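Trainee: Chains as they are written, first to last, in UniProt numbering: chain A, 1 to 330; chain B, 1 to 521; chain C, 1 to 604. By construction, the Cβ of each residue, glycine as well, lies at the ideal position given by its N, Cα and C atoms. Quick caveat: nothing in here was measured; it's all calculated off a predicted structure.
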């Protein structure tokens, strides 16, 4: 059963120069206890779609239409107060830059104990004990001394662990991780990813994992949604995305071929996707990817394809989902 | 395995150190602390290769790239550059060495005496413990003595054994001065020729008759001819000075010792000892591509101005604006930018295009060596591959040598011929790409390789997690700097700095507990 | 790359330029539009789009041009004072003859800032600036005067006589000019009544002159001429008499500019006085003018066929035998410029006084010329507030501008050196800046001005104020420049420029300075406004520029007294508005510039 379901979400930003359709009809769902990886380039709307869930948009942003069903309830109808409860309690977020989300003038202990005192009515002493437990749970060495420290005294990896501890404090059902490891080094990233996977197994938390790194998605996700220009272009279980399949979206295919990986043989030229992501105010007519797609036909440039279910658990937004067919010239 | 003898060394970096002063936290703090961003890095970079430098943030890889280019004045070490003949640059430090030859020789002797003394002391020590502490001191003294020796030998070669240093000094100085004069004359001639061509092109465009062109150019032509003659006479003087040295060499013909020292004669230029103006002129050859395509372009300058800046600084097209414009457009086209964009400003471009502008700026000077400092890290995934392809194409076309710095091992692996792995200011492992990935010898490399998330679903390799964080470079751990996070750490690691040694040909490692050594043999 | 190809691309770039500057018939989408913009154009566009800043810019340009052009056209006379025009409120009603009176005028008499009219029905009208003090208003005409037949307006009072020969006086009576002497009550044969500066007089049919009011200043002394006087003329200093046998005599004991009456004029038929001169018309129609020869007052001596003459403050108006009216003398308010329609109409009478002239047509209508009033009123010396605001604005703005130039210059040098070289130099310079910053500005400036200010000339004094302002306000600019230079110096594009081998000098000039300049411009704009305010503050307190040289600050000086604040509001409201508008508009322009220059503002 899906824990979170987004149906046909449209999130727009009103700017001086026009309306930016950051999320333009996105649907995806996160199953209970599973991880959905959302992957895409900057400006693809992957973060905005997640922030729309929690209504954490900038002032000029608004959810234009669409349903967000969390735990069987459309949270679009929730009042501000109810949302306040959902945030942090049922749904938590981890951001890319942990330093900005921690208050620099309070100790870790103070910041972490607050939700317990406020939401769960714990006493100060109890709450402090709980904080140390939590820090230990995210594998922070010397949790007692770390609890007494200020955010700037911790390293990036440590801070991200603290953020995870805060996010998991109230045992949320869903954890939204918005590029949680992008600012970290590979060795630290490996630590954090391992930790998140362990916690997921332990507590059964569902994760909505947003990243631009296909490798990280492969480590983390059960299902993958590939986004491009505010739309989901392909959605499938991770295995299907990362193994050679009969069907795929040209963008996903391009991404897989263009990024150098450890197993890319040297001397072989990378299959780069030409061009750049179009400006959000100047989106092309028809398929958004058509101008950069090597298989694009006149049809692609005129009509916009729908997200079609090609096979079980596999949806693609393309007129020519069959790899062989399109290679042969349709 | 490629034989390194086949390849020409372009840069020989030995013992490069880059320390940054840390601001004192209080008035009473006596000890001056340093961030040891680079702590003794030695490395050869061959012509035409791509050398990948990988490491985590804070390991000093970017600093190394910039110190190498002397954008930071390096604290210690030699950075010999072989891209241009020594005569063409005629660095000022040579003159200084030649002038003070006898004094320098005396200083060298003093250093050597000190080394001998320390060596004796060291040999007499009993326990390993004491030897560890003494070892550092001895190494330092040896280094100083060797540097002093090289300073002299690299300039005068076999004449190191000469008794009459005064004469050697005078003769070499004469040659040096003749050379400097020649260089100036040559540069003057080049400028005049460029100007001459510019005027000629301008007149021709206006379609004036040939006789008019000749008349207008008569004055310039005379100047060019005069300059040419000047170059010729200077060349003769220089040749004469050279012959004088050759004549002196004849005295030592067959002297084995002379021949031995003659091999020390080095055609390289020590970048670290060049003056500000000398290194500025050399920057034509040594270029840098930045990570952030936004902050590295001046928002107030158009693309044409940005690319042309270097050309103007080196007077490549002296007073020849039209030719420069054509050239800039050609470079832009080579770098995948439409030439009509020449008058646009950086903010009008996307990230990928900006990076192309940065590349065009560097390559417009036709450099020999380019440091790519995280050149693709800030770009979107689909743009990264475009830029990588561009860099590879340009390399092939212009026969460039790259130092490619990145934290992304996948990119490094794809683009590099050889890879150096850095940790906390030191090079911990250096090998060819194939060797490094097949058999990483340093535990850090091993962990780093396994930490990279891959898109291979069936790869069920066990990730080797290294615990903890990178220590502060202000107070790095003693001994092997990695020992705080290393799972194989033993007592010796905590005390002794491991030597950076060649384990198998071309594969250098600094570790007391090398991994995978057997397998790779 | 073939050469041909390059040429082609060059051409395409030319067409792009054409698109930019010329044939922009094609409607461009905003994206294309944006692509064609250079950073400077973007800044200008941002600024133009900012409505507040643009309004302020226009307002400032308006004020600036005003204070630039007005003083250039109208030179100021620093010694000018006019006691009859003190504290005149703003407005143009000085010659606005009431409608009820038009067509029915019998007589008009002109006071300093008001006029009194008498209708054929014997009704009295007062118009103009009739308010003398907060309680005295000459508009308060006494009731039951009956049928008035003669009126005479003085500087601040009016004298009237009815058909029964009764006298009435109202207005300011500080010198008893309104207290009609008892001995006059028996006199029934009054021929003519006169009002002057704080004095009143009557001349009887039998040549007697009765004089009361400010006898001290006027020093009225008739002596032997009592009983022979036909008419008299009064100005603010003295009295002139004409005897029945045509002799002009001074009726003032003091020696005045006009009391030396030239001999051999012949028989005079009419006399008149201005502030400094006397004039007489002789039997043969000639005009004689004597006294202080200035302000073209003697032009009338060439006239012929004159029958009557009247004097204003600084001009004469004469009636010729052929009925033409001629005015000459000071031209400042147009009082000597007779409208052409006057000589086209049939004029029955002309009345002149102070700065006004009324010509009454046969139908009883009045044609007027002369001073209508002051748009912004006058101050306590009778100086036009508008003119002083304009001249004062120029002074205030020049002081502000020069002060800010001094301050910015020092700021750029100190900040630039400090930021670029850093280290010890930076340390020392910044400590100096902090010391200067710590000086309490107003007390310091006041003390300096008080100590040095009294020993030097006015021009030096103004220079001193500029220098004080400049020397005390540079630390802010220096810090700003230093911070900006530091920031620019560490930017990656500067490293990039070094990496391609650009010389140190061109790095400073091409990369650092252009990026610092925008900040300096913004800071200078804002500093200009505050320098103006500081100058005004100093002058207001009396430590800046002093009277009579006007600045906006010392014009407000009067506002230190509550009388001025309550009664003469125009004396402080208008300078305050000018100063306020100028500084607010400059500040808003500065803010607008800062927003336009700041690239982050574009994203918002």
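1. According to DSSP, is residue 331(A) part of a helix, a strand, or is it coil?
2. Give the straight-line distance between the Cα atoms of residue 50(C) and residue 504(C), rounded to the nearest whole angstrom.
3. Enumerated in chain order, which unbroken segments of the beta strand (DSSP E) with a length of 3 residues or greater are wholly contained in the stretch 457-489 of chain B?
4. In chain order, what are the residue ranges of uninterrupted alpha helix (DSSP H) at least 4 long that sit wholly in the stretch 270-315 of chain A?
5. Only counting the same chain, and skipping five residues up and downstream in sequence, which positions put a Cβ closer than 6 angstroms to that of residue 590(C)?
6. May I ask you to report which of helix, strand or coil DSSP gives residue 183(B)?
7. Note down, in chain order, every chain B residue with its Cβ under 8 angstroms from the Cβ of residue 269(A).
8. Show which residues of chain B have a CB atom less than 9 angstroms away from the CB atom of residue 424(C).
9. At the 9 angstroms Cβ level, is residue 27(A) part of the contact set with chain B, yes or no?
10. Within the 9 angstroms Cβ cut-off, does residue 38(B) reach chain C?
11. Could you check whether the Cβ of residue 202(B) sits closer than 9 angstroms to any Cβ belonging to chain C?
12. Excluding five sequence neighbours on each side, which residues of the same chain lie with their C-beta closer than 6 angstroms to the C-beta of residue 317(A)?
13. Return no unless some Cβ of chain A is closer than 9 angstroms to the Cβ of residue 446(B).
14. Between the C-alpha atoms of residue 91(C) and residue 379(C), what's the straight-line distance to the nearest angstrom?
15. For residue 149(A), I'd like the list of residues in its chain whose CB is within less than 8 angstroms of its CB, leaving aside the five on either flank, ordered along the chain.
16. So residue 40(B) and residue 320(B) are supposed to be a Cβ contact under 8 angstroms. How far apart are they, rounded?
17. CA-CA distance, residue 203(B) and residue 222(B)?
18. What's the gap between the Cα of residue 56(B) and the Cα of residue 381(B)?
19. Taking all protein chains shown into account, do 16 or more other C-beta atoms lie within 10 angstroms of the C-beta of residue 455(B), making it buried, or fewer, making it exposed?
20. For the beta strand (DSSP E) that contains residue 192(C), what are its first and last residues?
21. Can you grab the Cα-Cα spacing for the pair residue 276(B) / residue 283(B), in whole Å?
22. Tell me whether the beta-carbon of residue 358(C) lies closer than 9 angstroms to the beta-carbon of residue 312(C).
23. If you run the structure through DSSP and keep just helix, strand and coil, what is residue 357(C)?
24. So that I know if they touch, is there some Cβ in chain C lying closer than 9 angstroms to that of residue 81(B)?
25. Using DSSP with H/G/I as helix, E/B as strand and the rest coil, what is residue 174(B)?
26. Under a Cβ-count criterion, where at least 16 other Cβ atoms within 10 Å of its own Cβ denotes burial, should residue 160(B) be classed as buried or exposed?
27. For residue 21(B) and residue 30(B), what's the separation of their Cα atoms in angstroms?
28. Using a Cβ-Cβ cut-off of less than 7 angstroms, list which residues of the stretch 165-187 of chain A approach chain B; keep chain order.
29. How would you call residue 313(A), buried or exposed, if buried means at least 16 neighbouring beta carbons within 10 angstroms?
30. Report all residues from its chain with a CB closer than 6 angstroms to the CB of residue 492(B); omit the five preceding and five following residues, and keep chain order.
31. What does residue 299(B) reach in chain C if we use C-beta pairs closer than 9 angstroms?
32. Return the Cβ separation of residue 277(A) and residue 178(A) in integer angstroms, given the expectation that the two are a contact with Cβ distance under 8 angstroms.
33. To which residues of the same chain is residue 192(A) closer than 8 angstroms at the C-beta, ignoring the five residues directly before and after it?
34. Measure the alpha-carbon distance for residue 158(B) versus residue 201(B) and round it to whole angstroms.
35. For chain B, is any of its Cβ atoms less than 9 angstroms away from the one on residue 9(A)?
36. Only counting runs of 4 or more residues, tell me where the alpha helix (DSSP H) segments fall wholly within the stretch 188-224 of chain B, in order along the chain.
Mentor: With the structure as the only source:
1. As displayed, chain A neither begins before 1 nor continues past 330, which places residue 331(A) out of reach and without an answer.
2. 38 angstroms
3. none
4. 298-302
5. 522, 525, 526
6. helix
7. 389, 392
8. What residue 424(C) touches in chain B: nothing, since even the nearest Cβ is about 14 angstroms away.
9. no
10. no
11. no
12. 233, 305, 307
13. no
14. 14 angstroms
15. 107, 108
16. No, residue 40(B) and residue 320(B) are not in contact; Cβ-Cβ is about 46 angstroms, not under 8 angstroms.
17. 18 angstroms
18. 20 angstroms
19. buried
20. 190-196
21. 11 angstroms
22. no
23. strand
24. no
25. helix
26. buried
27. 13 angstroms
28. 185, 186, 187
29. exposed
30. 512
31. 39, 493, 515, 599
32. No, residue 277(A) and residue 178(A) are not in contact; Cβ-Cβ is about 19 angstroms, not under 8 angstroms.
33. 157, 160, 161, 164, 180, 181, 184
34. 51 angstroms
35. no
36. none
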